[in-house]
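Numbering (the numbering used here), first residue to last: 3 to 319. Heads up, the thing below is written out as structure tokens.
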């Protein structure tokens, strides 16, 4: 074969190879992430995480995001065993839970995603308990009240001589921990003769079906069911205040307002799909948390949380 023709053929083949390789590289860089992101934990944080996940799926359709609701405590148990990479939490991690993570060599980062208020609710037919003081709530819920304080008029003489039924989150719930700490004065300290459920919809239905019921759960669930329930104003010492986005944000709804979190482990920080999801979460949360009834952080705080997460990713890798 003519030497000039051979050189031309080789040059053409090399150009084709480079072109194909370049095309492959571009395809790879634009390819969506894939994999499964396992999340579990707080029923309070669930609506935010689900709203974020729904938007994320429209961008990263090959990533499967599964979200369980076993309560903050139940979620941390799975997180400490490495069964999940993200844990929804309506309270900070406890020392015992942190120790369980350490024993399994699981490092993590806490990221604040929103603010929430706890709603104290009654049946709409309840026309007497318009507000309750912190002391009255403590009288109802403290351990000493079990099988002793059972009627409304024992809480306040102006209330009817009728037995109440109590409903609230289970003991694995961060909402339960927060409520008992804020009202009774010790996390987890509560009477045991109430109807617990990790499913807030069960609590809603329980109060909605009983004129004499009293319950508590995250404010977002009240807002979803405002036609079935009535809010009770809480007097923390400065007069009765109803929970709302405004009163939670400005701190006047005390002591039942709090930050809520997600926790991400070091293995998740090594996976591109998890990193994308968490970054998306912090970038989109400000616009989505209000839609599901929560109070967003200031934009500057979301940016600070994002930078904090990026540093964690760098360390994990």
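Every residue gets a Cβ at the ideal spot worked out from N, C-alpha and C, and that includes glycine.
With residue i as the anchor, note down where its alpha helix (DSSP H) starts and where it stops.
i, result
"residue 250", "247-251"
"residue 1", "For residue 1 there is no data in the structure shown, the boundaries of the chain being 3 and 319."
"residue 317", "301-318"
"residue 277", "274-290"
"residue 82", "73-82"
"residue 202", "202-210"
"residue 181", "176-181"
"residue 329", "For residue 329 there is no data in the structure shown, the boundaries of the chain being 3 and 319."
Nearest by alpha-carbon distance to residue i: which of the options is it?
i, options, result
"residue 241", "137, 119 and 193", "137"
"residue 297", "37, 114 and 41", "114"
"residue 49", "91, 38 and 81", "91"
"residue 305", "316, 293 and 280", "280"
"residue 171", "73, 258, 162 and 69", "73"
"residue 216", "201, 84, 232 and 247", "232"
"residue 179", "235, 259, 109 and 238", "259"
"residue 194", "315, 150 and 311", "150"
"residue 227", "131, 236, 294 and 262", "294"
"residue 278", "64, 303, 156 and 292", "64"
"residue 202", "196, 188 and 223", "223"
"residue 312", "41, 112 and 105", "112"
"residue 155", "165, 148 and 303", "165"
"residue 82", "69, 315, 291 and 269", "269"
"residue 140", "102, 191 and 116", "191"
"residue 116", "314, 251 and 37", "251"
"residue 129", "282, 234, 249 and 318", "234"
"residue 41", "282, 275 and 71", "71"
"residue 87", "142, 45, 274 and 301", "274"
"residue 110", "127, 125 and 89", "89"
"residue 66", "84, 52 and 37", "37"
"residue 125", "102, 105 and 167", "167"
"residue 185", "142, 316 and 248", "142"
"residue 189", "133, 317, 145 and 212", "145"
From what residue to what residue does the beta strand (DSSP E) around residue i run?
i, result
"residue 188", "Note, residue 188: premise wrong, no beta strand (DSSP E); not H, not E."
"residue 193", "No beta strand (DSSP E) holds residue 193; DSSP gives it neither H nor E."
"residue 66", "65-69"
"residue 91", "88-91"
"residue 167", "167-170"
"residue 39", "37-43"
Can you name the residues that DSSP bridges to residue i?
i, result
"residue 219", "121"
"residue 260", "118"
"residue 297", "117"
"residue 214", "None, per the DSSP bridge assignment."
"residue 198", "170"
"residue 162", "The partner list for residue 162 (beta bridge, DSSP) is empty, contrary to what the question assumes."
"residue 265", "89 and 112"
Could you tell me whether any non-hydrogen atom of the ligand SAH is closer than 7 angstroms to the CB of residue i?
i, result
"residue 229", "Of ligands this structure carries none, so the ligand SAH is not represented either."
* Entirely enclosed beta strand (DSSP E) segments - the segment 93-156, minimum 3 residues -> 110-124 and 133-135
* **Three CB pairs or more closer than 8 angstroms across the segment 198-212 and the segment 78-98** => no
* Count the C-beta pairs between the segment 156-175 and the segment 58-78 that are closer than 8 angstroms, then say yes if the count reaches three, no if not. => yes
* **Touch test, the segment 120-136 against the segment 218-235, Cβ-Cβ under 8 angstroms, three pairs minimum** => yes
* Would you call the segment 50-58 and the segment 284-294 in contact, with 3 or more CB pairs under 8 angstroms? -> yes
* **contact_flag[the segment 146-166, the segment 260-279] where n(CB pairs < 8 angstroms) is 3 or more** => The segment 146-166 vs the segment 260-279: no contact.
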